[in-house]
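Novice:
Chains as they are written, first to last, in our numbering: chain R, 10 to 177; chain D, 60 to 212.
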């Protein structure tokens, strides 16, 4: 299990950061990351091998995130809970600006289709097209097309943040 | 060469274009100010959105110690939870059938003298004997199944 412990230490932060880009709160993010590593642990325990651990972890994490966010969306529709509550951190010491900033980005990302959102998030992780294709299940030849389309969709939604960033 | 598509520009930005094509695209952009402009715009857009999304990510406060939740039952533990008598039965049933099929005590073949004689007689009868000895019986049967005529050669 030395191999597992090493992977856990090496990838925990990366996977946590990736998971937090989906509209999940801190508790959900911790649970998802824990679930991902439990799956990896059981996989190793049952004698399985993982050729590319990073890609494997990303794939499992993204599947769980998509399911969690999808399930919650359905629940929210039924219960008619205020949308602004989604994905907002419960911690009080974070600046309101930061929360607002995060909220706008999450809202913009939520307008994309599930696979587009996943691709944009993976792209922001600095993964190659091949890795993005492997994880998202999109054909390698379609990655750049879908990606440029998704970025174009985000442009008007993140206009203010985008220009702020350019002016800085 | 035609103007570059968004798709081609994106590939170029991300270093995913094969080197031969990449050279061609750059040559085209040097000659086409519109494509060069689009290239810079798309570069800014991709970079900014990437950074915006990165800025929305949270870091963990600390890396917690890994613990397997109690609710998850490990496969070996699942096996341990099966009652002992089921495990014994699962082991004995196939063993019993294998033993039953392969080993049959007290069934040594000891034919009697009569059996041997019958066997020898049976072997000595030729299938063509009836023809050779003209022992052929002909029966004529009517519609109701009654024997009308019976002849033996």
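Even for Gly, the Cβ is constructed at its ideal location relative to N, Cα and C.
Checking contacts by CB at 8 Å: is residue 213 of chain D closer than that to chain R?
Specialist: Any answer about residue 213 of chain D is impossible in this case: the structure gives chain D only from 60 up to 212.
Novice: Return the residues of the stretch 21-34 of chain R that lie within a Cβ-Cβ distance of less than 7 Å from chain D, sorted by chain order.
Specialist: 21, 22, 25, 26, 29, 30
Novice: In terms of alpha-carbon separation, which member of R/65, R/29, R/114 lies closest to residue 168 of chain R?
Specialist: R/114
Novice: Against chain R, does residue 70 of chain D count as a neighbour if the rule is that its beta carbon must be under 8 Å from one of theirs?
Specialist: It does: the Cβ of residue 70 of chain D has a partner Cβ on chain R nearer than 8 Å.
Novice: For residue 141 of chain D, would you say it is in contact with chain R, using Cβ-to-Cβ distances shorter than 8 Å as the test?
Specialist: No, residue 141 of chain D lies away from the interface with chain R (no Cβ there is under 8 Å from its Cβ).
Novice: Can you tell me which of the three DSSP states residue 79 of chain R falls into?
Specialist: DSSP places residue 79 of chain R in helix when its eight states are reduced to three.
Novice: Can you pull the chain D residues whose beta carbon is under 7 Å from the beta carbon of residue 164 of chain R, in chain order?
Specialist: 104
Novice: Compute the distance between the beta-carbons of residue 116 of chain D and residue 119 of chain R, then report whether it is under 8 Å.
Specialist: no
Novice: For residue 109 of chain D, return the contacting residues in chain R, with the cut-off set at a CB-CB distance below 7 Å.
Specialist: 132, 133
Novice: How about residue 78 of chain R: is its C-beta nearer than 8 Å to some C-beta of chain D?
Specialist: no
Novice: Taking Cβ positions only, does residue 96 of chain D come closer than 8 Å to chain R?
Specialist: no
Novice: Which residues of chain R have a Cβ atom closer than 7 Å to the Cβ of residue 125 of chain D, listed in chain order?
Specialist: Within chain R, the residues whose beta carbon sits less than 7 Å from that of residue 125 of chain D are 17, 46, listed in sequence order.
Novice: Measuring CB to CB, does residue 49 of chain R end up less than 8 Å from residue 108 of chain D?
Specialist: Taking 8 Å as the cut-off, the beta carbon of residue 49 of chain R is found no closer than this to the beta carbon of residue 108 of chain D.
Novice: Report the three-state DSSP secondary structure of residue 120 of chain D (helix, strand or coil).
Specialist: coil
Novice: Can you name the residues of chain R whose CB is closer than 8 Å to the CB of residue 66 of chain D?
Specialist: 153, 154, 157
Novice: Which chain D residues are close to residue 203 of chain R, counting only those with a beta carbon under 7 Å from its beta carbon?
Specialist: Because chain R here runs from 10 to 177, residue 203 of chain R falls outside it and cannot be looked at.
Novice: If we count the other Cβ atoms within 10 Å of its Cβ and call it buried at 16 or more, is residue 151 of chain D buried or exposed?
Specialist: exposed
Novice: Pick helix, strand or coil for residue 91 of chain D, following the three-state DSSP scheme.
Specialist: coil
Novice: Exposed or buried, which one is residue 149 of chain R when buried takes at least 16 other CB atoms within 10 Å?
Specialist: exposed
Novice: Please tell me whether residue 84 of chain D and residue 104 of chain D are closer than 8 Å, where the distance is taken between their beta carbons.
Specialist: no
Novice: Applying a beta-carbon distance threshold of less than 9 Å, which residues of chain B neighbour residue 81 of chain D?
Specialist: The structure shown contains no chain B; its protein chains are R and D.
Novice: Under the DSSP definition of a beta bridge, which residues are partnered with residue 62 of chain D?
Specialist: Paired residues: none, contrary to the question.
Novice: Quick one: residues in its chain with C-beta nearer than 8 Å to the C-beta of residue 95 of chain D, no 5 flanking neighbours on either side, listed in chain order?
Specialist: 88, 89
Novice: Let me know the secondary structure DSSP gives residue 169 of chain D once reduced to three states.
Specialist: Residue 169 of chain D: coil per DSSP, three-state reduction.
Novice: Of all the CB atoms in chain D, is at least one closer than 8 Å to the CB of residue 129 of chain R?
Specialist: yes
Novice: Report the start-end ranges of each alpha helix (DSSP H) in the stretch 21-85 of chain R that is 4 residues or longer and not cut off at the edges.
Specialist: 35-54
Novice: Who are the near neighbours of residue 144 of chain R in its chain, counting only those whose CB is closer than 7 Å to its CB and skipping five residues on each side?
Specialist: 64, 67, 68, 71, 131
Novice: Determine the DSSP secondary structure at residue 147 of chain R, reduced to helix, strand or coil.
Specialist: coil
Novice: Check whether the stretch 51-59 of chain R and the stretch 120-128 of chain R are in contact - that is, three or more C-beta pairs closer than 8 Å.
Specialist: no
Novice: Write down the C-beta distance between residue 125 of chain R and residue 77 of chain R rounded to the nearest angstrom, noting that I regard them as a contact closer than 8 Å.
Specialist: Not a contact, Cβ separation roughly 18 Å.
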